[in-house]
Amino acid sequence: MNRILIVDDDMDMCALLSRFLQRKGFETETAFTGNSGISKFKEQHFDIVLCDFRLGDKEGNDVLREVKSLKPATTVIIITGYSDIKTAVDVIKQGAFDYIAKPLIPDEVLSVIKKSQSHVSNTGASASSSDTNTNKQKGKQALQDDEYLVGRDPATKELYKQIKLVAPTPYSVILYGESGTGKEVIGKTIHQYSDRANKPFIALDCGTLSKELAGSELFGHMKGSFTGAINDKEGHFEMANGGTIFLDEVGNLPIDVQAALLRVIQERRFKRVGGTKEMNLDIRIIVASNENLQEGYRKGKFREDLFHRFNEFSIHIPALRDRKEDILLFADFFLQKACNELDKKIEGFEDEVLQLFIHYPWPGNLREFRNVIRRAALLTNTLRINASVLPNEIIQPASPGEKSKESGFHNIGSSKNPDLKGAASQAEYDTILKVLKQVNYNKTKAAEILKIDRKTLYNKIKDYESPKTVEE
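In the numbering used here, the protein residues as written are 9 to 480.
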């Protein structure tokens with residue numbers, strides 16, 4: 009039975025978590041300070057330590073270091089507020105297994121604990137597990153290591169709940185999302201969580217297909233079936249047989265190709281272009297679009313019957329601007345990948361860069377974010393990335409009269425009935441914004457020019473942030 013030590017200066021929270029975990033079969037102890045937690049840890053055996061990041065006498069990273077120095081194999085899970093997300097990521101780098109963001113949801117706490125148990129079990133397990141399970145685990149690990157990190161924003165958590173719900177089923181899935189949101193990665197994730205995980209996953213961008221070659225790319229062709237067909241060729245459906253096919257931007261397929269596709273899906277049999285032999289088809293279909301396919305068939309651009317064949321389940325992938333809590337996680341993740349590519353050692357980002365990242369709308373989503381950080385890493389020869397290596401569209405303010413996406417300011421002088429206090433605030437706002445523009449939003453330099461300390465500048469910027477920007 010796993011024993012859990014809960015360290016939190018909120019006595020009510022300790023009691024709540026303790027009772028909940030005891031009902032789930034765990035033994036628990038509580039401590040209300042970092043020092044008392046360490047004392048209990050020295051006196052008793054604990055498999056897991058749940059520790060709030062901000063304690064009255066210590067910080068979570070202090071407790072983490074002491075726990076790991078005493079018993080390195082102990083699992084430490086950090087509890088943190090939204091404002092501490094960047095710090096929490098750093099703590100994970102120091103050895104914490106994971107972190108849980110407030111407000112705490114007991115079932116989510118239990119999920120992370122079970123994940124840690126599974127991790128420990130898998131780490132200590134022998135290599136005699138089945139090939140299928142090994143392939144699935146390798147697939148999932150590769151997906152996270154090589155593609156995109158799974159985020160922590162509530163919108164992301166909801167996305168992955170839907171993925172895990174539909175993945176084990178045979179349902180066809182439509183993925184909706186803006187360009188760059190990672191639709192193919194989500195398609196791969198569904199495949200890896202399915203019972204087809206050790207079978208092929210084949211992706212095809214339908215937006216690049218011409219009407220003449222679409223049939224050949226989808227179903228293959230026989231030598232001599234048309235001009236230029238100098239060899240037999242497998243189509244994407246044939247390559248994916250037994251596994252999953254992912255059709256990106258499926259709404260771009262010509263209508264007559266949609267008709268051929270419908271027949272193949274209905275009959276689960278197909279022939280190569282110019283061929284006579286029918287092949288059986290055992291395949292799962294996942295399609296993606298940045299446009300509403302239902303709207304497409306209403307406008308006559310997409311077959312309604314094909315839409316209903318695909319629409320057994322649909323998932324909407326949130327844009328990066330709607331996943332604010334993920335931005336700093338992805339920043340660190342993409343930076344690490346860029347450093348590996350370039351063989352560089354860059355520790356992180358200046359604070360002003362992180363603020364720019366949070367407030368920028370990221371129209372190109374994760375793809376744009378990754379490219380921005382790769383470029384910044386290439387141009388950086390210091391330990392931390394600063395604003396000078398970011399593209400102009402990120403560091404330049406919005407047009408006059410609009411909210412500045414980079415600074416988060418709103419026009420405080422737009423009231424119909426300005427008073428003297430409002431006029432003074434507007435003048436201060438204009439001055440701060442002007443200086444920030446001059447120094448490319450380097451807040452340290454701006455504070456020096458304004459003859460105020462950095463903390464005061466941050467507080468003033470926070471006062472001028474628009475409510476909408478903060479919520480986004």
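Think of the CB as a built atom: it goes at the ideal place given N, C-alpha and C, for glycine as much as any other residue.
Using three-state DSSP, classify residue i as helix, strand or coil.
i      : result
Asn379 : helix
Val158 : coil
Tyr179 : coil
Phe278 : strand
Lys350 : The question names Lys, but residue 350 in the sequence shown is Leu. Leu350 falls in the helix class under three-state DSSP.
Arg62  : strand
Ile171 : helix
Leu398 : coil
Glu456 : helix
Arg204 : coil
Thr284 : coil
Ala109 : strand
Thr88  : strand
Please classify residue i as buried or exposed, where buried requires at least 16 neighbouring CB atoms within 10 angstroms.
i      : result
Ala346 : buried
Pro326 : buried
Pro408 : Confidence at Pro408 is low in this model, with a pLDDT of 39, below 50, so the placement of that residue is unreliable and no value is reported for it.
Leu78  : exposed
Asn249 : buried
Arg160 : buried
Ala267 : exposed
Leu173 : exposed
Ala435 : exposed
Asp264 : exposed
Asn288 : exposed
Ala384 : buried
Ala296 : buried
Going by C-alpha distance, which of the options is nearest residue i?
i      : options                        : result
Glu257 : Lys191, Gln363, Ala268         : Lys191
Ile46  : Cys214, Asn298, Val295, Leu13  : Leu13
Val15  : Lys32, Ile56, Gly33, Phe34     : Ile56
Ser433 : Ala455, Ile402, Lys468         : Lys468
Ile171 : Val84, Glu186, Gln200          : Gln200
Glu246 : Arg392, Lys279, Ser218         : Lys279
Ile273 : Arg378, Thr41, Asp264, Asp290  : Asp290
Ile354 : Leu364, Leu343, Gln363, Leu362 : Leu343
Thr82  : Pro371, Gln125, Asp98          : Gln125
Glu481 : Ile440, Trp370, Pro399, Thr388 : What is shown of the chain runs 9 to 480, which leaves residue 481 out entirely.
Phe234 : Gly282, Asn69, Phe254          : Gly282
Phe254 : Lys459, Val181, Asp60, Phe54   : Val181
Leu58  : Val71, Thr464, Gln52, Glu51    : Val71
Thr88  : Tyr107, Cys22, Leu362, Ile402  : Tyr107
Ile121 : Arg331, Phe209, Leu25          : Leu25
Phe338 : Asn69, Thr164, Lys48, Ser119   : Thr164
Pro114 : Gln30, Leu301, Lys48           : Gln30
Val75  : Phe61, Leu269, Phe49           : Phe49
In whole angstroms, what separates the C-alpha of residue i from that of residue j?
i      : j      : result
Ala4   : Gln404 : Nothing about residue 4 can be read from this structure; the chain reaches only from 9 to 480.
Ala205 : Leu444 : 51 Å
Tyr437 : His367 : 18 Å
Pro178 : Lys207 : 14 Å
Thr284 : Arg375 : 42 Å
Phe34  : Arg11  : 6 Å
Tyr305 : Glu312 : 5 Å
Leu261 : Ala211 : 15 Å
Ile457 : Glu360 : 16 Å
Leu167 : Ile323 : 8 Å
Gly223 : Lys309 : 18 Å
Ile86  : Pro111 : 13 Å
Glu242 : His229 : 7 Å
Ala237 : Lys231 : 5 Å
Thr439 : Leu364 : 19 Å
Arg292 : Arg317 : 12 Å
Leu391 : Gln102 : 18 Å
Glu286 : Pro176 : 29 Å
Glu225 : Leu217 : 8 Å
His244 : Phe227 : 6 Å
Thr189 : Asn298 : 10 Å
By DSSP's criteria, residue i is part of a beta bridge. Which residues make up the other side?
i      : result
Lys241 : His229
Ser297 : Tyr184
Arg292 : Thr252
Leu328 : DSSP output for Leu328 lists no bridge partner at all.
Glu437 : For the sequence presented, residue 437 should be read as Tyr rather than Glu. According to DSSP, Tyr437 bridges with nothing at all.
Leu212 : Leu255
Ile56  : Ile12, Thr83
Glu37  : Leu13
Glu67  : Arg62
Phe321 : Val181
Phe357 : Ile393
Does the ligand SAM have even one heavy atom less than 7 Å from the beta-carbon of residue i?
i      : result
Gly190 : As presented, the structure is devoid of all ligands, the ligand SAM included, so that no description of it is given.
Any beta carbon from chain D within less than 8 Å of residue i's own beta carbon?
i      : result
Phe105 : You won't find chain D in this structure, because it holds only one protein chain.
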